[in-house]
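Sequential numbering of the sequence shown, starting at 4, is according to the numbering used here. Note that the Cβ used here is the ideal one computed from N, Cα and C, for glycine as well. Here the structure is laid out as structure tokens; the discussion comes afterwards.
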Amino acid sequence: MGALASMGATPRSATGWGKTMIVVQGWVHVHEGDREKLREAARVLVEETRKERGNLAYAFAEDFNDPGLFHIVERWADEEAVAAHMLSPAIAAFLPQLSALREVRLRIARYDTPEERVLMEL
4 MGALASMGAT PRSATGWGKT MIVVQGWVHV HEGDREKLRE AARVLVEETR
54 KERGNLAYAF AEDFNDPGLF HIVERWADEE AVAAHMLSPA IAAFLPQLSA
104 LREVRLRIAR YDTPEERVLM EL
């Protein structure tokens with residue numbers, strides 16, 4: 004019995020398909036000395052974004068092995084939700100805070116996925 008199975012994880016086959024969604028994945032890297040500023044700005048952004056219509060998931064996660072690196076994962080119900088988010092007060096407030104930090108590098112990619120497949124659940 005594998006470690007995941009011992010925790011009750013259930014691998015899923017290709018039969019677990021769900022509805023269409025937009026997935027956004029990316030990262031932002033800032034100077035180590037600006038991590039707390041980014042944490043606080045991201046906390047507010049996440050809290051406000053999760054209230055938006057069409058938001059299915061929104062998270063910033065700090066990398067354990069690379070100080071200053073934060074991963075971004077978003078899920079959206081449709082194009083209208085993404086467009087509204089990009090024009091939202093939360094984004095308008097976050098971007099100037101981000102640009103004020105040192106050594107900012109950022110990459111965010113969007114994936115339009117016609118299907119979702121659950122690979123594992125606990």
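- Query: G29 by DSSP, collapsed to three states: which one?
  - Reply: One-based indexing of the sequence shown puts residue 29 at position 26. Reduced to three states, the DSSP call for G29 is strand.
- Task: Please classify F97: does DSSP put it in a helix, a strand, or coil?
- Result: Taking the sequence shown and counting its residues from 1, one reaches residue 97 at position 94. Note: F97 maps to helix in three-state DSSP.
- Task: Pull up the distance between the alpha-carbon of E119 and that of E106, whole angstroms please.
- Result: Residue mapping note: residue 119 aligns to position 116 of the sequence shown, counting from 1. Residue mapping note: residue 106 aligns to position 103 of the sequence shown, counting from 1. Taking the straight line joining both Cα atoms gives about 35 Å.
- Could you spell out where the beta strand (DSSP E) holding H74 opens and where it closes? Taking the first residue of the sequence shown as 1, we reach residue 74 at position 71. Looking at the DSSP string, the run of the beta strand (DSSP E) that includes H74 is 72-79.
- Task: Less than 8 Å between the CB atoms is what I'm expecting for W30 and F73, so what's the real figure, rounded?
- Result: For the purposes of this step, residue 30 is taken as residue 27 along the sequence shown, with counting starting at 1. For the purposes of this step, residue 73 is taken as residue 70 along the sequence shown, with counting starting at 1. That pair is a contact at about 7 Å.
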